[in-house]
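These protein sequences, in sequence, are chains A, B, C, D, E and F. Numbering-wise, full-length UniProt numbering puts 218 at position 218 of the first sequence, and it's gapless, one number per residue. Numbering-wise, full-length UniProt numbering puts 120 at position 120 of the second sequence, and it's gapless, one number per residue. Numbering-wise, full-length UniProt numbering puts 284 at position 284 of the third sequence, and it's gapless, one number per residue. Numbering-wise, full-length UniProt numbering puts 177 at position 177 of the fourth sequence, and it's gapless, one number per residue. Numbering-wise, full-length UniProt numbering puts 108 at position 108 of the fifth sequence, and it's gapless, one number per residue. Numbering-wise, full-length UniProt numbering puts 120 at position 120 of the sixth sequence, and it's gapless, one number per residue. All residues carry an ideal CB built from backbone N, CA and C; glycine is no exception.
There are 6 protein chains.
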Amino acid sequence: MSKGIVYYEVGEHIEQFLLIKNAAKGIASNGKPFLTLIFQDQSGEIEAKLWDVSDGDEKNFIPETIVKVSGDILNYRGRNQLRIRQIRPASSSDSVKLSDFLETAPLSTEEMMSKITQYIFEMKNPNIQRITRHLLKKHQESFIEYPAATKNHHEFVSGLAFHVVSMLDLAKAIAGLYPSLDTDLLYAGVILHDLGKVIELSGPISTTYTVEGNLLGHITIMVNEIGKAAEELSIMGEEVIILEHLVLSHHGKAEWGSPKPPLIKEAEILHYIDNLDAKMNMLDRALERVKPGEFTERVFALENRSFYKPIFHK
Amino acid sequence: MSKGIVYYEVGEHIEQFLLIKNAAKGIASNGKPFLTLIFQDQSGEIEAKLWDVSDGDEKNFIPETIVKVSGDILNYRGRNQLRIRQIRPASSSDSVKLSDFLETAPLSTEEMMSKITQYIFEMKNPNIQRITRHLLKKHQESFIEYPAATKNHHEFVSGLAFHVVSMLDLAKAIAGLYPSLDTDLLYAGVILHDLGKVIELSGPISTTYTVEGNLLGHITIMVNEIGKAAEELSIMGEEVIILEHLVLSHHGKAEWGSPKPPLIKEAEILHYIDNLDAKMNMLDRALERVKPGEFTERVFALENRSFYKPIFHK
Amino acid sequence: MSKGIVYYEVGEHIEQFLLIKNAAKGIASNGKPFLTLIFQDQSGEIEAKLWDVSDGDEKNFIPETIVKVSGDILNYRGRNQLRIRQIRPASSSDSVKLSDFLETAPLSTEEMMSKITQYIFEMKNPNIQRITRHLLKKHQESFIEYPAATKNHHEFVSGLAFHVVSMLDLAKAIAGLYPSLDTDLLYAGVILHDLGKVIELSGPISTTYTVEGNLLGHITIMVNEIGKAAEELSIMGEEVIILEHLVLSHHGKAEWGSPKPPLIKEAEILHYIDNLDAKMNMLDRALERVKPGEFTERVFALENRSFYKPIFHK
Amino acid sequence: MSKGIVYYEVGEHIEQFLLIKNAAKGIASNGKPFLTLIFQDQSGEIEAKLWDVSDGDEKNFIPETIVKVSGDILNYRGRNQLRIRQIRPASSSDSVKLSDFLETAPLSTEEMMSKITQYIFEMKNPNIQRITRHLLKKHQESFIEYPAATKNHHEFVSGLAFHVVSMLDLAKAIAGLYPSLDTDLLYAGVILHDLGKVIELSGPISTTYTVEGNLLGHITIMVNEIGKAAEELSIMGEEVIILEHLVLSHHGKAEWGSPKPPLIKEAEILHYIDNLDAKMNMLDRALERVKPGEFTERVFALENRSFYKPIFHK
Amino acid sequence: MSKGIVYYEVGEHIEQFLLIKNAAKGIASNGKPFLTLIFQDQSGEIEAKLWDVSDGDEKNFIPETIVKVSGDILNYRGRNQLRIRQIRPASSSDSVKLSDFLETAPLSTEEMMSKITQYIFEMKNPNIQRITRHLLKKHQESFIEYPAATKNHHEFVSGLAFHVVSMLDLAKAIAGLYPSLDTDLLYAGVILHDLGKVIELSGPISTTYTVEGNLLGHITIMVNEIGKAAEELSIMGEEVIILEHLVLSHHGKAEWGSPKPPLIKEAEILHYIDNLDAKMNMLDRALERVKPGEFTERVFALENRSFYKPIFHK
Amino acid sequence: MSKGIVYYEVGEHIEQFLLIKNAAKGIASNGKPFLTLIFQDQSGEIEAKLWDVSDGDEKNFIPETIVKVSGDILNYRGRNQLRIRQIRPASSSDSVKLSDFLETAPLSTEEMMSKITQYIFEMKNPNIQRITRHLLKKHQESFIEYPAATKNHHEFVSGLAFHVVSMLDLAKAIAGLYPSLDTDLLYAGVILHDLGKVIELSGPISTTYTVEGNLLGHITIMVNEIGKAAEELSIMGEEVIILEHLVLSHHGKAEWGSPKPPLIKEAEILHYIDNLDAKMNMLDRALERVKPGEFTERVFALENRSFYKPIFHK
C-alpha cells in the first residue's frame, strides 16, 4: 500500500492512484488552459496543477474519477503542491475502487449500529425510547453513511454515526460520575441531535447543502421530525417537548444557531459532549500531521488556533 | 366616564373603579404588613401602596379583582404613585365588568377577521392559501383574543390580530410600490409569523409564558405547525419549506431568535414590516403621554431611547 | 442591440462595444506585461485579461474609453471572465457614446424633478418647505446626476434622485396608514438625507470620495448646509434643529455613522424607509441574475447573505 | 473654615452651612412625607433624610438654597448619609454666598484666559488662528464658567476652561518630544474640541442637557460653528475642513460619538490628550478620598474599575 | 437535627441556631436603627431584619456569631425573608460549633488527599510529578480548606479540593475514551489550575480577595509559583513551560482572564473539564431546590438562565 | 549613498546593493521555477521576482545575503515591485556589511543606555530601583539589540531600547504636569514593560516567536522574572506586587492580553504612554512616505485607517 498523500515531503517523487475531488479550469499567462485539481486519498488531500490541457483532458479529469499520477511534491506559499508529470484515468484492469480513496470511520457500520441499538435498549422511559427508535429506523440508511459535517470535524464516510457512538460512550462515562443525570435524555439527545443532517446535506461524497438545509437547517428539520414522530406514535407526554428542546438547544447559543439556549440540565451536558468529541477529533487530526516541537496548521473551527506538540510527546 | 389613570397629575385626587393587575405583600419598618398593588384601566397602570393591611385585605385584594378606590397621586422616585385612602371590592350592584378595564384593539374582532379573510381570499397560489387558511382556522379562537406580546408592543386584548391587520395593510402598500414582491408569500408570512404565540403564551390576561413557550418559543412552534398542516393537507411543494422559512427567519438575526436569517426577498421584507408596525405602536403610545417640547420616558424595546415631541407638533 | 455583458454564459463568444471602467498593468510569469481590464455596459461589468501588451496598448486602453472587443467567456475561480481575442478603440464612425454604457435610473430626470417638486409643494410648514427648496435648488445640478453610492445600492447615474423619489412614494404610503406621522418632516428628511453626497463624492462616473467626503462625510456636510441655509433665509424656529437631527440620525446608530440615534418619530421612520428602499434595490438586482431554484451571489451589504429564488417564482 | 462634607466619618457630629443641590419628596411607611436632600459643599456632596416634613419645609428646602444643618453621619448601604437633627435656611445675616459651596477650578479665570490667549498668539497659520480666536471670543462668557461635563470629570465651575488649559500644556510638552506635530492644529483642536458644550449644556450650576444638546450634541454643534465662522471671516483654505475634522473625530470612534475616526495625525493625538487629562482628573479625585492600602469606589467612566493606592504611597 | 433554612416555606415558624454571615446597620423611617442580618446554615442562607436595635444588639450580632433565633418566614420581593421575633447569642452550654453551620465538601479531607496523592503517584513523567507534588505540599494546608470560589460554584469549605477530585475522576474517564491524551499533563493541570486561589482569596470563611488577588489574580500567581518551584527543584525541561501554559490558558479566552488561549491539546481539555464540573455543581444546586415542573431561580454564572426540571423527573 | 528602496517611483531604473530578507520558490505557468525575493535596505523593503532560476540561484539567493541588483520598478496590484534584470551575490571586495541594510534606532546604543541609567539613578524607592537595575542588567545584551515588535511599530534593530527611551522622556514630561504621579513606578514600568520580549522573540533579525513566546507571551514571562528577581534580591515589600501589576496590566484590557486591567494610577498612565509612543512611531513612518494632499496606505495596527497629510503641511 502506498504512502498517504499528506505524508509526502517537499522534493519527494510520487507515483500512485488518487481520486479527483475537485477540478477547476484556469487560463495561464501564455493564454493556454490549465486545470487545478484536488487529489484525495484516505490520508487527506493535495492541490495539483496540470498545464496545457487539451479538451480531452478537461473531459477526463473530473471529480470522482480515479487517476494514476506521477509527479513531484513542491512547496507553494507554505503548502505542499503536486506538480504533475504524468496522469491517466484508471482503467478497470487497475482494480482500484472508490472506497479505497475515501476516508471512513474506524469502526464498521455493523459495530456502530450494534452499539447504538444497545444504548437505545438501555433506555427506561418508553416515550423517549420509542421516538428515538422510530426516527433512527426511518433515517437509518443515510445515517450510517453520512459525514457529520462538510468540513471541520468527522467529515468522512460514516462520520455522523462514528461521532454519535463516541458521544454515547462519553455520555455514559460522565453520567457514571454525575448520577443525577438522566441517561435516557442524554442518549436520545446524542442520537437525534445531528440526525437532521441526513436531510440538510446532499450525501456522503462531495457533500453540499440542500435547499431545505440552507433555508431551515438540520436543527429545525429534526425538531419537526420529532413532532411528526410523536404524532404518528400518538405520544403526548412532556417528553416530546423535552426531546425537541434537546435538539433545538444543542448548539448552545443563539449566535451558534440554537434559538433557545439549553434550559434542561441534560441539554447543557449534551452541548458539552458534542463539543468535546468534535474538538478531540479536530485536535487529533491536526496534531498527527506534525512532529514533536512543531505547531500545527491553523485550525479554523478552533478559533484559528495553531496547536503545539510538546517535545516530550513522542 | 372617568379620566384614564395615566392622565392624572401629582396632587390630584382620584375616586373611581380600577382593576387589580398585581398584588405583593411586604413588611413595613414598623413590622406591619402592607400591599403593593398595581392598578389598571384602559389607559394604562399605576402603582399603589396599602398600609397596615389585615388578613381580610390580603384575601380581598388579589389580581383580576375590580375595586373602588379613592386616594391621591404623589410622585415617588420620578414616577406617579397612588396613595390609597379608601378601597373596597366592587359589588355586582356597581355594574362594572372586567372588559371595561382592559385595553383592547381599536377595531372589532369581526372587522379584523373580515379583513384577514379578504387577504387570504386574494392569494393566488393554492398551496400557500390552503396552509394559511387551515392554520388560522385551527387557532382562530385564541388568535382573535391574544395580545401580540407580554410587553413592549400591542400588549392588549386582540393585540395580535390588530398587529396582523396593520401589517397586512402595510404589506399591500409596499407591494404596490415594489411589484416584484410576491404578495401571496407576504400575506401568508404576516398571518402566520406570530401565530405560535397562541401556544407560547398563557392567554389574553395576566399573560405569562407556557413551558412549551419557554423551551421551544413561538417560532419553532409555528414552523412545526406548518409542517404538520402540510402533511395533513397532503401538500408537498417547495411552498412548505418557504413558508416555514418565512416564519423561522422573521426575527432577522440569530441573536434575535431566528436560527436562519431571511434568505428569500419576501422574508426580508416581512421582517421589516413586522418591525415597522411594532415601532409605530411603541412610538405612538410613548408620545401620546407627553406634551410638545418634552421627551418621553425611556422606551426599553427601542434601545432605551427617550423621544422628543417637537414644539411645532400640537 | 447586443446582449448585456452579465447575461453571457461560459463558452459563449462575444463581439461588441464595451466601456473600460478600470485598467491595471501586471507582469506575467514570462516577464511580459499584461492588462487586467474591467469592461462595463448597462447590464453590469466583467473582468478581462489582455496578454503581451505593447506600450501603445497601455496608452489606448484606459478608463472611460469605449472599445470594440471580441473574445470568449470562460470561468475563472467561479466568476465569468472575458478572454480577449481582438480589441480596438471605438472611432467616431462607430457612433457609440458614453451614456450607452452607463446604467441610469429608469425614470427621466424631468419626471423625477417634477415628482420631487410636487412633494415639496405639498409641505405645509413654511420653514421646512423653504429650507428644503433652498438646498435642493442650490445642489440640483449634481443631485440629478449623482449615484446614491459608489457601490451596494443605486450606484448608477441619477441613482440618488431615483432613490429619493422611491422613498418619497414609500413615505406617502406609510403615512397614509399611520396618520400621526408628520409628512412635512418625512418628505424633507427624504429629500435632504443623502444630499451631502454631492459634496462627498467626486461625480457621477468613476465615483470616488473627495477629501471633504473622507474627513467629514455626507451627514456632517449636510447638517452644516442646513445650518447655513437657515442663517441665509433667517429662519430660527425649532424646525432647523429638527431637520439637522433628521439628517444626522438617519443611519440609525453610532456604529453606522450617526452620532445621535433617531430621537424623533419621523427620524426613526426615515431610517426605515431609507433601508427598505436600498434593500429592495439590492435584492432585485441580485435576484434578476439568477433563475428559479438558484441562490444569488453573496450580497456584501446584506450581511453577505446569498438569497434563494423559489422554484415557483417564474 | 469647616471641614469638607466628604471628609466626615461615620459617627461624627456635623454643624455647618451647606447648599441644597437636589430635593425629592417621598412618603414614609407611616404615611408621612419626608425629603431626600443632597447637600453640597466645595469638597463634594452627601445624601440626607428629613423626616415628617411640613408644607413649609417643602417650600423652604429647594435646590440652590443655603441652609444651616446639624446632624450625625451614619452609614447606609456602604455610603455615608447625614441624619438631620436641625435645619434652617440661611439668612442674610449669616453672610454666606453661593460660590462658597461650589467647587471651582484651581486657577482664576484671568489666569486661564491669559494662558489660552498666549497659546493662540503662538499660532503661525493665520486661518487657524483667526477661526480659533473668533469662536473663543464669541462664546467666551460661557466658556469661562461652564463645567466640562455634567459628571465624570471636570464637573465643576470653570471646569471646561481648566480642562482646556491642562490639555494645552500637555500638547506643548508632547509636541516638544515629537517635533513633527503641528502645534497650530493641536492648540486649535484643544481650544475648540469641547466648546460646543456651551450650547449643549444648560449652564454652570445644576447642569442639564438642552434640546439642541440632546438632538445634535456638542460635536455637531461646534462643527457647524466652525463652518459659519469660516464663512463670516471669508476663510476658504483646507484649514476649515481640517479644523472641523479635529472636532468631529475627537471622541476617537463611532461608538463614542465621532462619525469619523481621527484621520489626521494631530486629530489622533488630540483624542489622546483629551483622554489623558480627563483620566488624570478622575483618578486624582477618586484616590484623594482613600488611604494607602485601600481601593477607591468604582469609577464608572473608567470601566467601573476600583483603583488601589499602594501602601508606600503616603 | 433541624430543617435546613432554605427549605422553609412562607408562613412557617422557625426556632433554631443559625450563624450570622453578614450584618449591616440601617436607619428606619421612624428614625430608629435596625440590622439587616444574613443567617447561614449548611443548607444555605436567608436575610432577616431586626428592628429597633440597641447599642448592645449591634455589638452582639456580628458576623461569625452563632445565635438562637425564633421568627416567621415571609415573602419579600419574591424571596424568602425571616422576621425575627426573638434572638440571643449562643452560649457555651448550647454545645453548637461553627462547623455545624458551614457547608462543606461531601468527602472527608483524608479521602480527598488520598485520591489526589494516588493520581500524582500514577504520573510517569518525573518533572511533571515533582513540580506538582512540590506545589501541592507547599500549599496543602490552605488547599484542603479553601472554597473553589467566593460564589457561583463549590463556594463551600474544602470546595477547592472537592472540585479537583471531581475533575481528576472526569479526566481519567475522558482519557480512557481518547487514549491520545497525556494523563500526566491532565492530572497536573487539574491539581494546579486553581491552586493560586489559596493566595488570591482570604480564607475558607467570609471569603474576600487579597490585594495580591486583586492586582495579579490566581492564574498569574500560580504561573509564578510553577516558575519558582522549577528553579528550586532545578528542573529545566519544556515541561515547565507546558505546565505554566496549562494554568495560564485554563480560562480559555482572553476575555475570561487567560492571556493565551489553550495551545496544547491537554490545555483545551483541561478548560473543558473545569467548566463541566463547575456547571454540574451549579446545576445540581439550583435544581435540588425546585420541584418537577418548575423553573429554578436565574443562575448568574450560567448566563442568567433559569432551568426547567421536567415533570417526569421525580 | 544610493536612494532608499522605498523612495523609487514606477518606471525608474535601479542598480545597487540590497539585503535579501525573504526568499520563496514558486513554479511558473511554463513549468519553470522562480523566486519571490523580498529585498531590504534601511528605508524599507520591496518585493521582486527572479524568473527561470537555476539550482545555483536557489542556493545563492537566501535570506540575510547581500546582493548587487539591477532592474526596474513597476507597479503590481497597486504596490511597487522590482523586476530584476541582473543579480549577483556581493563579494568581500564590495565592502558592504549587514548593518548597512538594517534599519536601526536613530540614537546610538551608548546614548540610550546612558539615558536609561540616568532615569534609574533618579529613582528614590530602593526596592523599585534594585529590581529594575537587576533585570535590566540581566537582559541588557539582548535588550539593546532587539526590536520592539516583529511588525507594526519600532520593528528595527534596537527598536525596543529606543521605544523605552522615548517613553521615559514622555513619562517625565507628563509627570511634570501631574505631580501626583509616582515617577519611580512610571520609570520602572516603562523599562520593564516589554523587557520580556527578549525571551518572547528570536532575535534582532528575521524575528519570529519562540515556543516560550507563543505559549506564555512577554507579559507573563516578565512578571515571572520580577518574582524571581525579588526572591534573589530578598525584596518583599508591596513594591514587588505593584511592579508585577504594572507589567501585567500594560496592555490595558483582557482582550489585548492583560488579564488584569490597570488598577494603579501609574499603570493606567503607563498604558497610555506606551500607546502614544507606538502610535507616533507608526504615524510618522506612514506619513513620511506620502506627499501633502495624499492619504497614506492603510495602517493595520491603527484600525486599518488611512491618514491624510494636509496640503498646508509641507
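Item	Value
Going by beta carbon distance, what residues of the same chain come within less than 6 Å of Ala229/E, once the five residues before and after it are set aside?	Ile131, His134, Leu135
Taking C-beta pairs closer than 7 Å, name the residues in chain C that Leu135/D reaches, listed in chain order.	Those do not exist, as Leu135/D stays about 14 Å from chain C at its closest Cβ, beyond 7 Å.
Which runs of the alpha helix (DSSP H) spanning at least 4 residues fall entirely within the segment 100 to 159 of chain A, listed in chain order?	109 to 122, 126 to 143
Determine the extent of the beta strand (DSSP E) in which Asp41/F is found, giving its start and end residues.	33 to 41
Going by the beta-carbon positions, is the gap between Gly217/C and Gly189/C smaller than 8 Å?	no
How should Thr208/F be labelled, buried or exposed, when 16 other C-beta atoms within 10 angstroms of its C-beta is the threshold for buried?	exposed
Can you confirm whether the segment 301 to 312 of chain F touches the segment 174 to 194 of chain F when touching is taken to mean that 3 or more C-beta pairs between the two stretches lie within less than 8 Å?	no
Measuring only the C-alpha atoms, how far is Asp52/F from Val247/D?	56 Å
Under a Cβ-count criterion, where at least 16 other Cβ atoms within 10 Å of its own Cβ denotes burial, should Gly227/A be classed as buried or exposed?	buried
With a 10 Å radius around its C-beta and 16 neighbouring C-beta atoms as the bar for buried, classify Val10/F as buried or exposed.	exposed
So, Gln40/A versus Lys68/A, is the Cβ gap smaller than 8 Å?	no
Out of curiosity, what's the CA-to-CA distance linking Thr104/E and Phe143/E?	14 Å
For Met236/D, collect the residues of the same chain with a Cβ closer than 8 Å to its Cβ; drop the 5 residues on either side in sequence, then sort them by chain order.	Ala230
Since I believe Thr36/E is in contact with Glu45/E (beta carbons under 8 Å), could you give me their beta-carbon distance rounded to a whole number of angstroms?	12 Å between Cβ atoms; not a contact.
Tell me whether the beta-carbon of Ala173/B lies closer than 8 Å to the beta-carbon of Gly176/C.	yes
Going by other Cβ atoms of all chains shown within 10 Å of its Cβ, with 16 needed for buried, is Ser99/B buried or exposed?	exposed
What number of angstroms, rounded off, separates the C-alpha of Ile84/C from the C-alpha of Lys25/C?	15 Å
Give the straight-line distance between the Cα atoms of Glu266/C and Gly159/A, rounded to the nearest whole angstrom.	55 Å
What residues in its chain sit with their C-beta under 7 Å from that of Thr65/E, if we drop five residues either side in the sequence?	Ile20, Pro89
Beta-carbon of Ser43/A versus every beta-carbon of chain E: anything under 8 Å?	no
With 16 other CB atoms within 10 Å as the buried threshold, where does Pro204/F fall?	buried
Inspect the beta-carbon positions of Leu283/C and Glu268/B and report whether they are closer than 8 Å.	yes
Is Tyr178/D helix, strand or coil by DSSP?	coil
Going straight from the alpha carbon of Asn304/B to that of Glu303/F, what length do you get?	29 Å
Looking only at its chain, what residues have a beta carbon closer than 8 Å to the beta carbon of Ile14/C, apart from the 5 residues adjacent to it on each side?	Ile5, Tyr8, Val69, Ser70, Gly71, Asp72, Ile73, Leu82
Check whether the Cβ of Ile128/B lies closer than 8 Å to any Cβ atom in chain A.	no
Check the DSSP bridge columns for Phe295/E and list the partner residues they point to.	Tyr308/E
Quick one: list the residues of chain G neighbouring Asn152/C, beta-carbon separation under 8 Å, in chain order.	Of the protein chains in this structure, namely A, B, C, D, E and F, none is chain G.
At the 8 Å Cβ level, is Asn75/B part of the contact set with chain D, yes or no?	yes
For Asn214/E, decide whether its Cβ has a neighbour in chain D, counting only Cβ atoms nearer than 8 Å.	yes
Taking CB distances under 8 Å as the criterion, tell me whether Lys260/C reaches chain F.	no
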